[in-house]
Structures are given as C-alpha cells and as structure tokens.
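Chemist: Chains as they are written, first to last, in the numbering used here: chain A, 4 to 310; chain B, 274 to 648.
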Amino acid sequence: MPLAFLAVLLPTLFWDRPVETADLLRNAGIERLFVPTGQEQVWRKQGFAASPFDRARAAQAVAPKVEYHMDVASATRVPWVDANGWRFEREPARSFFYDAPAGSAALAAAEAFAYGVDAAIRAAPEDLAPFARMLKFLSEIDQPRLPVMANIGVIDDGSDTMAEVLNLLTRHNLLFHPTPAADAKYDLNIRLGTTEYPQEEAANPYEFAMKIRHQLTDEKRLVRIFGSNVVLARLTGDASQVRVYLLNYGKATVKGLRVRVLGSFEHGKLWAYEHPHAALEDESMQDDAAEFTIPEMATHAVVDLRR
Amino acid sequence: MHRRKFLQMTAAASAALAATDRKVPKYRVVSHYQPATQPGMPGPYPGQVASVHAEKCIDEATERPDPACVREMMTRGMRALTGDADVRDAWARFVTPSDVVGIKVNCSGAPGIMSSPVVVAETVRNLVAVGVKPDGIWIYERFQDQVDSVHYDRYLPEGVHVWTAETRRGSTESYDPATYVETAFFDEDDTRSNLIRLVGNRFTKIVNVPNMKDHGAAGVTGCLKNIAYGSFSNVARSHSGSVTNTYSFIGKLASVEPLRSRTVLQVMDGLRGVWHGGPFSPNRKFRFYPKRMLFGTDPVAVDRLLLDIIDDKRKAEHAVSVWDRSAKHLNAAGDHDNNPNVNQFVREPGHIEYAASLGLGTYDLDKIKVKSIEV
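1) Report yes if the CB atom of A64(A) is closer than 8 Å to the CB atom of Y101(A), and no otherwise.
2) Indicate whether V305(A) and G271(A) have their beta-carbon atoms separated by less than 8 Å.
3) Output needed for R349(B): all residues of its chain with C-beta closer than 7 Å, excluding positions within five of it in sequence on either side, in chain order.
4) Please report the distance separating the alpha-carbon of C496(B) from that of R90(A).
5) Compare the Cα-Cα distances from E621(B) to each of S515(B), R535(B), A327(B) and report the closest residue.
6) Answer yes if the segment 41-56 of chain A comes into contact with the segment 144-163 of chain A, meaning at least three C-beta pairs across the two stretches below 8 Å, and no otherwise.
7) Near E94(A), which residues of its chain fall below 7 Å by C-beta distance, leaving aside the five closest residues on each side in sequence?
8) If you compare alpha carbons, which of E222(A), Y248(A), A205(A), F295(A) is closest to R301(B)?
9) Rounding to the nearest angstrom, what Cα-Cα distance links D639(B) and R577(B) in this structure?
10) Taking three-plus beta-carbon pairs below 8 Å as touching, is the segment 445-458 of chain B in contact with the segment 340-359 of chain B?
11) Evaluate contact between the segment 276-294 of chain A and the segment 441-453 of chain B, counting only Cβ atoms and requiring at least three cross-stretch pairs below 8 Å.
12) Pull the bridge partners of Y448(B) from the DSSP assignment, please.
13) Residues in the same chain with beta-carbon distance under 7 Å from D74(A), minus the five sequence neighbours each way, listed in chain order, please.
14) Per DSSP, which residues does P338(B) bridge with? Please list them.
15) Taking Cβ positions only, does R261(A) come closer than 8 Å to chain B?
16) Determine the closest residue to L172(A) out of V392(B), D462(B), G569(B), K564(B), with distance taken between C-alpha atoms.
17) Ends of the alpha helix (DSSP H) at W46(A)?
18) Can you name the residues of chain B whose CB is closer than 7 Å to the CB of T296(A)?
19) How would you write the range of the beta strand (DSSP E) that T477(B) sits in, first residue to last?
20) On the three-pair Cβ rule with 8 Å, is the segment 373-387 of chain B touching the segment 498-515 of chain B?
21) Any beta carbon of chain A sitting closer than 8 Å to that of E621(B)?
22) Under 8 Å Cβ to Cβ from H424(B), same chain only, skipping five residues before and after it: list those, please.
23) Does the CB of I155(A) have a neighbour CB from chain B at under 8 Å?
24) What do you reckon, are the CB atoms on T302(A) and L16(A) nearer than 8 Å?
25) According to the Cβ coordinates, are A527(B) and M314(B) closer than 8 Å?
26) By Cβ distance below 7 Å, which residues in the same chain neighbour S511(B) in space, the five residues on each side in sequence not counted?
27) Which parts of the segment 391-453 of chain B are runs of the alpha helix (DSSP H), unbroken and 4 residues or longer, counting only runs that do not cross its ends?
28) Using only CA atoms, which one of P208(A), V81(A), I124(A), H175(A) lies nearest to D163(A)?
29) Quick check: is the beta carbon of D608(B) nearer than 8 Å to any beta carbon in chain A?
30) Assuming D487(B) contacts V595(B) (C-beta within less than 8 Å), just tell me the rounded distance between them.
31) For A383(B) and Y428(B), which I take to be in contact (beta-carbon distance under 8 Å), what is that distance rounded to the nearest angstrom?
32) Between the segment 135-145 of chain A and the segment 165-180 of chain A, can you find at least three pairs of beta-carbon atoms closer than 8 Å?
33) Which same chain residues, not among the five before or five after E530(B), have their C-beta less than 6 Å away from its C-beta?
34) Expressed to the nearest angstrom, what Euclidean distance is found between the alpha-carbon atoms of A509(B) and G503(B)?
35) Go through its chain and collect everything with a Cβ distance to S243(A)'s Cβ below 8 Å, but skip five positions before and after it.
36) Which one of F116(A), E277(A), S231(A) has the shortest CA to CA distance from T296(A)?
This is how it looks when you write it as structure tokens:
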C-alpha cells in the first residue's frame with residue numbers, strides 16, 4: 004500500500020484530551036493520531052489509528068509564527084519569524100513535538116512536511132479543521148523525497164552560536180545544508196573558528212548571515228522571494244526536477260508572491276493550500292533563472308519545476 | 274506597442290554629483306519599454322513653469338476650495354504654459370481622445386491634505402472636454418485606506434475610475450513583475466520595487482497632481498516624489514534609522530520607462546500645503562495656504578520652485594531649513610511630528626538636483642522661466 008506508507012510521513016496530531024472529545028476529531032476528519040503512552044487502546048476502540056507518543060523524548064519545535072516588534076520604529080523593520088527549519092536541517096532524523104497554540108497548527112504541519120521530518124503536533128480544538136485540511140492537502144502532493152538543494156554547506160559544530168547562525172540563514176532564505184566536511188558542490192562552505200569565519204563574528208548572527216549573503220551574492224542564490232518578508236523557502240531536487248516548498252509565517256494571505264529559482268525550467272505546477280484552482284502567473288526566464296508569481300498564497304504552497 | 278527588452282546598470286552618479294558625500298547605490302533597472310521619441314519628462318516645456326496665485330482659491334478657516342476660482346487658475350495656468358488662447362487647445366497638446374489617462378494623485382496626508390478633489394475634478398473636466406472618455410480616466414494612488422478618506426467619486430463624472438494598487442498594504446498583485454528597480458539599501462530581503470501594472474499596460478498618458486509638502490526624508494515632496502514613490506511598490510525600504518536613500522532613488526524610479534515617457538503634465542496643487550511633518554498631516558498647525566498652483570512638464574523645475582516655497586515658510590516659522598543635515602537636529606526616535614526643529618532623517622532635498630542629472634529637467638533657478646499670474 005504505497006499511499007499508506009507515504010501517509011506515515013505526514014505530520015500527526017497529538018491529542019491528550021479526554022476520549023469524550025472523539026467527535027471533535029471525527030467531525031474534523033482526523034483518523035490518525037498520537038496519544039500519551041497508555042491511552043492508545045481506548046482511542047483505538049473509538050476507531051482511531053492511535054499510536055503512543057512520548058513528547059518528553061522528542062525535540063521541541065517552537066510554535067511557528069511572526070512577531071511584529073511595533074516598538075521598533077523603522078520603515079524597513081523586518082518582523083521576527085519563529086521558524087524551525089534550521090532545527091530540522093540540523094537533526095533531520097529526530098522526532099519533533101509542537102505545542103501549537105490556536106492558529107498555528109496548520110502551519111506547523113506544513114513546516115514539518117516541507118522539511119520531511121517526523122512531527123507530532125498538539126493542536127487547539129479550534130485548529131482541528133484547518134489542520135485536517137492541511138493534512139489532506141499534503142497527502143495529495145506527497146511524493147518520494149528529493150535531495151535537499153542548498154547554496155551553503157555548513158560544518159556544524161553543534162554550538163548555540165552556530166544555532167543562531169543557522170536560524171538567521173533560514174530566516175533570510177539563504178539555503179544551507181549540514182555537511183561533515185567542505186564540499187565543492189556548495190557555493191560556500193562555512194566552518195566557525197576559521198580565519199574566514201571567526202567565532203567572534205558569529206556573535207552577531209545577523210551580520211554574520213549578511214556576510215555570507217554578500218559572499219554568495221544574490222545572483223547565485225537558488226531561490227529568492229519578492230513581495231513578502233515572512234515567506235520562507237526550501238528546495239529539493241535532482242537532475243530532472245526541483246520542488247519548491249513555500250511557507251507563509253504571517254496570518255494574511257500573500258497576494259502576488261514572486262519567486263525566482265536559479266536554473267532553466269519548463270512550465271511549473273503549483274499546489275496552493277486553500278486555493279485548489281490557483282496556477283502560476285507571469286512565468287518567465289531571466290538571467291538563467293525561472294520566475295513566477297503565486298497569485299494567492301495562504302499558509303503553504305508547493306511548486307514543481309521540470310528542467 | 275513595439276517592445277524591446279533592455280537592461281540598464283547604473284553604477285554611479287554623474288560626475289557633477291560625484292563630489293557630494295552621498296553614496297548612490299547600484300541600481301538595476303529592468304524594463305521592456307522603450308522611451309518615447311520625446312519623453313513626457315521633461316517634455317516640451319523644459320525649464321518652464323506657470324505659477325498661478327489666487328487669494329480666494331481656498332477658505333483658510335474651513336479649508337474649502339472655491340471651484341470657480343480653481344477653474345480660473347487652471348485655465349490661466351495651462352494657457353500660460355502652452356501659449357494657447359483656448360484652454361482646450363492647451364490640454365489637447367498633451368492628450369488625445371483615444372488616450373487612457375492616469376491621474377496620479379497624492380493622498381498620503383489625507384484627509385488633512387491631498388490632491389484636492391476640486392483640482393482633480395477640474396483636471397478630469399478638461400480631459401473630457403478634449404474628448405477623453407470618462408472610462409478612459411483613472412485616478413490612481415497606492416493605498417486604498419488613504420484614498421477612501423477623500424471620496425473623489427463624489428466629485429467625478431460617472432465612469433471615471435478611482436483605483437488603488439494596494440487594497441491591503443503590502444499586496445503586490447497590482448505591480449508588474451517584469452518592470453522594476455532592484456537594489457539592496459539595507460540588506461533587505463525584498464530588493465525589488467515594481468511599477469504599477471496599469472502604468473505599462475493601460476495608461477497611455479499620466480497627469481501628475483502632487484501637493485506642496487515638506488517631507489521628513491526627501492526634504493520636500495512634489496512632482497518627482499509623487500510620481501516615483503507613488504507608482505512603485507516596496508519603496509519605504511529606502512529609509513532606515515536616520516538614513517534615507519531618497520536622494521537617488523526618487524530620480525531613478527521617475528526615470529524608468531514607461532513612467533518617464535507617459536507622464537506628460539505636472540499640475541501642482543498648492544491650495545494648501547504642509548511645512549512640517551510631511552508627507553503626512555495629522556497636525557493642522559503645520560498646514561499653510563500658499564494658494565498657488567504650478568503647471569509644467571518639467572518636474573525638476575516645478576520641484577525647484579517648491580523647495581523655496583517650503584523652505585521660506587520654514588524660515589518664517591523659525592524652523593530649521595530642509596537643507597539642515599546637522600546631528601544636533603537629528604533624532605529618529607524624537608518628537609519630529611510635533612517639533613519642527615527635530616528631523617527624523619537626514620533630509621535629502623538634493624534629490625531634485627540629482628533627478629536633473631538623470632535628464633528629468635532643469636534645476637538651475639537662473640535657467641527656469643517662470644510665468645507668474647495673479648487671479
């Protein structure tokens with residue numbers, strides 16, 4: 004059953020409320036869930052595919068969201084984005100647990116899916132419907148994973164300092180991937196404590212990330228985002244195709260998101276959460292890169308490009 | 274329209290400006306549009322401005338314009354600019370019945386100050402008089418919340434469009450993804466400012482109707498600032514902290530095709546003005562009443578006159594000059610909205626001279642011919 008196998012890779016609801024809430028889950032269309040250890044049998048009797056989950060053993064993911072610091076007066080102020088991509092890149096084999104407050108469960112599911120990690124998501128009851136819609140959306144576009152694409156190889160020392168650097172690289176769509184040693188397939192290789200990347204420079208992770216951006220140059224970046232500063236991207240691909248995962252951390256739908264992907268591609272295909280009939284607009288090739296517009300982007304969109 | 278893709282890369286300011294201490298960022302202009310044989314800016318009347326003053330054009334107490342007086346000002350101004358005896362002939366120099374005309378209003382200070390509906394209505398009336406269909410006239414601005422407060426529709430004939438690019442701030446669907454200026458001022462992620470789609474794919478002509486306003490970043494905001502920052506997306510990124518890149522960005526945007534070629538007329542509405550706190554106007558104590566309208570095709574020449582109008586008023590009010598760049602008057606987090614001697618940014622009134630270096634008009638006062646008219 005290939006579909007059943009693939010479904011296992013989708014994020015899963017973690018539900019620790021009484022079994023009397025079963026109708027809430029049924030009404031939302033939830034069939035599969037994680038429950039605290041010892042409660043799986045009672046939920047199975049209710050007809051759910053319930054599995055035990057020990058949240059204490061999972062890595063904690065932050066609730067994905069945007070924080071607007073309105074007290075910072077600047078026309079170019081950039082909102083803070085709480086995102087987990089850097090954690091997922093760092094420990095892709097771990098299981099993650101989200102305690103997602105109301106309004107964030109669907110984005111959490113999309114985020115875990117985009118990075119291909121196992122995740123249990125504790126959702127608020129009012130989030131069950133959008134969470135279930137997101138799972139349905141993800142299940143329809145699920146496919147075997149392609150290799151991660153990145154500009155920057157990171158020799159990760161596991162330090163908190165490096166964690167902040169990785170966070171800022173993710174935040175600014177500077178695509179990286181951990182590597183045990185410098186690899187020529189990347190445009191840049193970063194190792195803290197070297198002459199080129201001294202530890203003290205990383206004490207200011209934003210400046211450090213911008214240094215990397217300048218070294219890489221925007222022209223060489225695999226992906227650029229225009230029209231929003233709260234949409235983050237992840238790329239996977241091989242010699243024949245590229246898949247672009249786009250995550251909107253803001254609450255508002257982005258209208259007219261412009262995306263630039265380095266390389267030559269034919270017509271792309273769009274899957275947009277909550278906008279099933281949406282199609283890419285204004286597709287073009289410029290300077291060895293494909294560009295397209297996503298007319299309306301809610302929480303998540305995926306674009307497949309064929310070379 | 275015949276199109277040819279061309280890319281421009283501008284690395285530095287002209288030699289005439291190289292001596293200044295302002296850094297000009299590297300701009301990448303992407304546009305598929307060719308310039309017209311004679312671009313609208315500076316147009317057929319470079320270095321010429323018709324300046325019309327009328328004491329009765331607005332009631333200072335109520336801030337209500339007198340429509341009949343405004344009509345007379347606009348008639349006399351257009352005739353003086355063109356030399357035509359009949360005002361219809363004057364307008365017919367700039368538009369034909371088949372044109373689709375965008376009227377770029379300024380509503381950033383609304384409802385305190387904006388392109389007066391009376392002036393806009395008179396502009397529309399003149400366009401219709403030469404045969405432009407109401408359906409071919411578009412009042413346009415970027416932000417819907419600002420325009421909604423003005424209610425232009427109450428002053429306009431049926432069929433005239435009142436249109437905004439951003440029904441919600443930050444939405445980009447109304448901008449042309451293929452026409453933009455790219456630069457990174459402060460390492461911002463989104464490095465593009467895109468031109469409003471209608472400018473390229475709908476309008477054949479544009480009439481620019483700015484106000485007379487002080488501007489905390491640009492020094493003043495007139496023709497150049499209104500047509501540039503008012504026709505492109507994502508422009509606020511040019512300011513950060515106390516630094517603003519308005520010095521070069523305004524002229525660079527205004528020179529992008531097809532905006533430069535299609536902006537054929539400048540009608541500056543100075544019935545009322547703002548001498549401090551602009552471009553906004555939450556505080557009436559900083560509004561004043563020049564009771565003057567300026568007409569021209571050269572945005573640099575018109576704005577050069579505006580510079581003195583605003584700075585003279587500031588001097589009269591014992592406020593620091595728009596040219597003041599001193600640190601002692603600079604406080605980005607200070608009470609600049611209420612204190613005319615506090616600057617939020619190091620102001621860049623030099624943006625007008627910089628625009629002249631891009632060929633957009635005449636900056637030298639000695640070379641600007643002003644036709645002064647009293648109504």
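Here a beta-carbon is modelled for each residue, glycine too, at the ideal position from N, C-alpha and C.
These numbers were taken from a predicted model, which means no experiment stands behind them.
Modeler: Reading off the structure:
1) Cβ atoms of A64(A) and Y101(A): closer than 8 Å.
2) Taking a C-beta distance under 8 Å as the contact criterion, V305(A) and G271(A) do not qualify as a contact pair.
3) Close CB contacts of R349(B) within its chain, under the 7 Å cut and outside five residues either way in sequence, are with V325, I646, V648 (chain order).
4) Going by the C-alpha atoms only, they are around 50 Å apart.
5) Ranking S515(B), R535(B), A327(B) by CA distance to the CA of E621(B) puts S515(B) first.
6) With the cut-off at 8 Å, the segment 144-163 of chain A and the segment 41-56 of chain A do not touch.
7) Result list for E94(A): A62, in chain order.
8) Cα-wise, what sits closest to R301(B) is E222(A).
9) So the alpha carbons of these two residues sit roughly 11 Å apart.
10) Flag = no, the segment 445-458 of chain B and the segment 340-359 of chain B do not touch.
11) The segment 276-294 of chain A is in contact with the segment 441-453 of chain B.
12) For Y448(B), which the question treats as bridged, DSSP gives the partners I469(B).
13) Reliability of the predicted coordinates at D74(A) is poor, the pLDDT of 43 falling under 50, and the value obtained from them is presented with this limitation in mind. Cβ within range, chain order: n/a, list empty.
14) According to DSSP, which records beta bridges pairwise, P338(B) is partnered with I331(B).
15) For R261(A), the answer is yes, since a Cβ of chain B falls inside 8 Å of its Cβ.
16) Among V392(B), D462(B), G569(B), K564(B), the Cα nearest to that of L172(A) is on D462(B).
17) Residue range 43-48 is occupied by the alpha helix (DSSP H) that includes W46(A).
18) Within 7 Å Cβ-Cβ: P450.
19) No beta strand (DSSP E) contains T477(B), which DSSP labels as neither H nor E.
20) Output reads yes: the segment 498-515 of chain B touches the segment 373-387 of chain B.
21) The Cβ of E621(B) sits no closer than 8 Å to any Cβ of chain A.
22) The answer, listed in chain order, is P390.
23) No, I155(A) lies away from the interface with chain B (no Cβ there is under 8 Å from its Cβ).
24) Inclusion of T302(A) and L16(A) in the CB contact set at 8 Å is not warranted, their separation being larger than that value.
25) Taking 8 Å as the Cβ cut-off, A527(B) and M314(B) qualify as a contacting pair.
26) Excluding positions up to five away in sequence, the list reads F458, T517, N518, T519, F522.
27) Runs found: 417-421.
28) Of P208(A), V81(A), I124(A), H175(A), the residue nearest in Cα terms is P208(A).
29) No, D608(B) lies away from the interface with chain A (no Cβ there is under 8 Å from its Cβ).
30) That belief holds up - the Cβ atoms of D487(B) and V595(B) are roughly 7 Å apart, short of 8 Å.
31) Here A383(B) is actually not in contact with Y428(B); their C-beta atoms are around 14 Å apart, not less than 8 Å.
32) Counting C-beta pairs closer than 8 Å gives fewer than three between the segment 165-180 of chain A and the segment 135-145 of chain A, which falls short of the contact rule.
33) Correct list, in chain order: S304, Y306, P308.
34) Rounded to whole angstroms, A509(B) to G503(B) spans 11 Å at the Cα level.
35) Beyond the five residues adjoining it in sequence on each side, S243(A) comes within less than 8 Å, by CB distance, of R309, R310 in the same chain, given in chain order.
36) With distances taken between Cα atoms, T296(A) lies closest to S231(A).
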